[in-house]
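The structure under discussion appears below in the form of structure tokens.
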Amino acid sequence: MAALLVPPIAFMCLFLVYPIMSAFAYAFYEWRGLARGEFVWLANFQRVLFEYPFSERTINAFKHNIFVFFALMVLQNGLGFILAYCLWRELWGARFHRIAVFLPVVLSTVIVGLLWKLFYHPLFGVVNATLRAVGLE
């Protein structure tokens, strides 16, 4: 059972952990194009946080990120609550919206069931044709 965890953990390490760790390691180097960077320890962090043009830009970028975060949270959660309220109160179009939201969930299951029914069809199903070709009827 533990062997089933190996592929997702390897995938996560390859595409999540490794890029984060390498980006953290690259932050300690001064890169100039394709040549190997010079190790500068914390000079990059010091320049971004405390030197004049970068410190203002860093603070400005941080302020913009905070603003966008709160604006999107208010917008997304507000819109979600409004839609949920409209569906709960059964206002105009609530039935259509319920169908539009739930239909993809139901249709995907129905379509998969129909496809498997076609695969196993006694006359022209792929599985039965393959079994007949092998000699298993």
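The sequence shown begins at 35 in my numbering and counts up by one. The beta-carbon is built from N, C-alpha and C at its ideal position, and this holds for glycine as well.
(request) Put Tyr-154 into one of helix, strand or coil per three-state DSSP. (result) coil
(request) Quick one: give me the first and last residue of the alpha helix (DSSP H) that Glu-124 is part of. (result) Per DSSP, Glu-124 belongs to no alpha helix (DSSP H) and is neither H nor E.
(request) On the DSSP bridge assignment, give the partners of Tyr-188 in chain order. (result) Because the chain spans 35 through 171 in this model, residue 188 falls outside it and cannot be assessed.
(request) Compare the C-beta of Leu-148 with all C-beta atoms of chain D and state if any pair is closer than 8 Å. (result) The structure shown contains no chain D; it is built from a single protein chain.
(message) Which of the three DSSP states is assigned to Phe-62 in this structure?
(response) Here Phe-62 carries a coil assignment [DSSP, helix/strand/coil].
(message) Per DSSP, what are the beta-bridge partners of Val-101 in this structure?
(response) The sequence as given places Phe at residue 101; Val does not occur at that position. DSSP, once it has assigned bridges, lists no residue as partnering Phe-101.
(request) Check whether the Cβ atoms of Phe-73 and Arg-81 lie closer than 8 Å to each other. (result) no
(request) Starting from Ala-167, follow the alpha helix (DSSP H) in both directions and report where the run begins and ends. (result) First-last of the alpha helix (DSSP H) with Ala-167: 160 to 168.
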